[in-house]
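A.B. asks: Have a look at this one.
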Amino acid sequence: MTADAALPPRTFAEHARGWGAGVVRSCLAARGLNDNARSVKSSIEEATGSYGGRFFVELLQNAHDAHPADSVGGKVLMLLDETEGPHGTVYAADAGSGFNEDNFRAISNLALSNKPVGEGIGNKGVGFKSVLQVCESPEVYSRDPDDPARDGFSFGFADQDQLRALAGSDDDYAWVLDNVSRYTVPVPVESVPPTARALRDEGFATVLRLPLRSAVAAEEADLRFKELGAGAVPMTLFLTRIASLELRRRDSAGTACRVLKRDAQPLALPLAGAGRPTAELATVEQGRTFLLLTREVDRGALMDALQESVRRERLKAKWLSWDAPAHVAVAVPYGWDGASDFRLYTFLPMGEDARSPLHGHLHAPFFTDYARKGLEWDHPLNAMLVDAAAALATDGAEALLASGRAGEHERRAAVDLVAWQPDGASHLPADVQERAVLPCLDGRAVPMSHARLWPDTEWDVLTAALAQRAAGLDVLIPGLGEDRRAR
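According to our numbering, the residues represented by the sequence shown are 235 to 721, in order.
Here it is as structure tokens:
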């Protein structure tokens, strides 16, 4: 059954129940013939520990992808309810399309994703398992994708009593308990809890309920929830399908809410090159605005990189089926200064060690590990994507300065686009030194090979303006700061 083949009314529960029972039967039937069930259980346990506390980020990724690809006004909510259950409960809700058959199968199977390679944020299909770091029994409550007024898939995963009932005999139950992951055995949830129902009434299509397993899990959830809104790096910058991420917290004193909004306005910028490049001014959390440039990666370059990655055994052959467009994007500060923690993104920020090579953030569909903590820079796919982002940044700087009427914000943004760290500068185009990508003191754009830095110190006689007039030096605009000058 596909996403287009909807289940008849009132059969979602029966379908989930039948699926779980079928998993147990098939595992018992294969007992002694292979160790597949045990291997899956071990893989789930290993994957669960590999995310390094990024379960809220994984939930946000899934919630973003649940919205249609052309959506720009989607919404996501994360709720930490300290009053529900012995240790509190986390809710993650999205206003996307609701769970369908393919989504149900993907969550019930390790490493099975209903997203083609290259489509959406992830393609490993195991991100949902990251919640098992803090929750023993995740639950999903979704509306019918074909009838928003009706309940759709509402399910959890079998507990020990339910596994015993499905297994039958004591011997079979003992084997199932040792060899079958309960997270491959979905079971229907007959009633929707009040908070989940209330969130559905607010317009959210899918609600995940995660009862926290222990006091330690509650502390971890508290820490990670605070990180979502800490503002060290923007969460929503490259999440183009949503307009808001609401962080809601409920404790004995009441409910507190914070909404991280994303507002993007198109910018008329004559970007050169193929790939339908776009420019926009994106304002995100803390009211910070970024100049955000996006471009589709050349199809031939993408396939060459994939083929080379497969040849070197750095990717599985399934990656050659990548059919969706791949996009790279760069975002540099526009009208503000002061941040230094610029990251690589795969739609969402990667770990602290994944530093961006420019004075801004860089997004691409990189190949990473589950936790997305760092990047293999020498991976053929990743190297090609950084090359594409560097070309986009160079074209952007050139376009910003081309008119000769660029203001202070545009001039500083142009410098940020091309002033890459030394260990990343090799990704810039070969002709970058001869392209007019830097702003000169007199308003002209000059090539890197001609540009001259002048000390910001105010001298009475030998000023930057005098040096430019008398000696013909192409002096860069002042006030760039030590970080930009060092690059």
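Cβ atoms here follow ideal geometry from the backbone N, Cα and C, with glycine treated the same way.
Using 10 angstroms around the beta-carbon of residue 499, count the other beta-carbons present and answer buried if the total reaches 16, otherwise exposed.
C.D. replies: exposed
A.B. asks: Within a Cβ cutoff of 6 Å, which residues of the same chain sit near residue 596, ignoring the five residues on either side of it in sequence?
C.D. replies: 564, 578, 590, 623
A.B. asks: Apart from the five residues just before and just after residue 544, which ones in its own chain have a Cβ nearer than 7 Å to its Cβ?
C.D. replies: 551, 553, 554
A.B. asks: Would you call the CB atoms of residue 592 and residue 513 closer than 8 Å?
C.D. replies: no
A.B. asks: Quick one: grab the DSSP three-state call for residue 619.
C.D. replies: Looking at residue 619 - three-state DSSP - the assignment turns out to be helix.
A.B. asks: My output table needs one value for residue 627: the three-state DSSP class, helix, strand or coil.
C.D. replies: Under the three-state reduction of DSSP, residue 627 is assigned to helix.
A.B. asks: What three-state label does DSSP hand residue 549 in the structure shown?
C.D. replies: coil
A.B. asks: May I have the straight-line CA-CA distance separating residue 668 from residue 290, to the nearest angstrom?
C.D. replies: 45 Å
A.B. asks: Tell me which residues share the same chain as residue 496 and place their Cβ nearer than 6 Å to its Cβ, disregarding the 5 neighbours each side in the sequence.
C.D. replies: 470, 477, 518
A.B. asks: Taking the straight line between their C-alpha atoms, what separation do you get for residue 245 and residue 407?
C.D. replies: Rounded to whole angstroms, the gap between the alpha carbons of residue 245 and residue 407 is 27 Å.
A.B. asks: Tell me, which residues are paired with residue 579 by DSSP?
C.D. replies: 583, 597
A.B. asks: Taking the runs of the beta strand (DSSP E) that are 3 residues or longer, which of them lie wholly in the region 427 to 492?
C.D. replies: 440 to 445, 476 to 485
A.B. asks: Under DSSP, the beta strand (DSSP E) around residue 499 begins and ends at which residues?
C.D. replies: 497 to 500
A.B. asks: Less than 8 Å separating the beta-carbons of residue 297 and residue 332?
C.D. replies: In this structure, residue 297 keeps its C-beta atom at 8 Å or more from the C-beta atom of residue 332.
A.B. asks: Name the residue from 411, 571, 618 whose alpha carbon lies nearest to the alpha carbon of residue 644.
C.D. replies: 571
A.B. asks: Using 8 Å for Cβ pairs, my map puts residue 633 next to residue 501. What's the rounded Cβ distance?
C.D. replies: A Cβ-Cβ distance of about 10 Å is found for the pair residue 633 and residue 501, leaving them out of contact under the 8 Å criterion.
A.B. asks: Compute every distance between the C-beta of residue 307 and the non-hydrogen atoms of the ligand ZN, then say whether any falls below 7 Å.
C.D. replies: As for the ligand ZN, it is missing from this structure, which has no ligand bound.
A.B. asks: Can you tell me whether residue 417 is helix, strand or coil according to DSSP?
C.D. replies: helix
A.B. asks: Tell me residue 530's beta-bridge partners as DSSP assigns them.
C.D. replies: Partner(s): 561.
A.B. asks: Measuring alpha carbon to alpha carbon, tell me which of 431, 411, 664, 409 ends up nearest residue 388.
C.D. replies: For the options 431, 411, 664, 409, the alpha carbon positioned closest to that of residue 388 is the one of 431.
A.B. asks: How long is the line joining the alpha carbons of residue 255 and residue 475, rounded to whole angstroms?
C.D. replies: 37 Å
A.B. asks: Is the distance from the Cβ of residue 672 to the Cβ of residue 648 below 8 Å?
C.D. replies: yes
A.B. asks: Taking 6 Å as the limit between beta carbons, can you name the residues of its chain near residue 620, skipping five residues before and five after?
C.D. replies: Correct list, in chain order: 661.
A.B. asks: Would you please state the rounded distance, in angstroms, between the beta carbons of residue 409 and residue 272? I believe it to be under 8 Å.
C.D. replies: Rounded, the Cβ-Cβ distance is 10 Å, inconsistent with contact.
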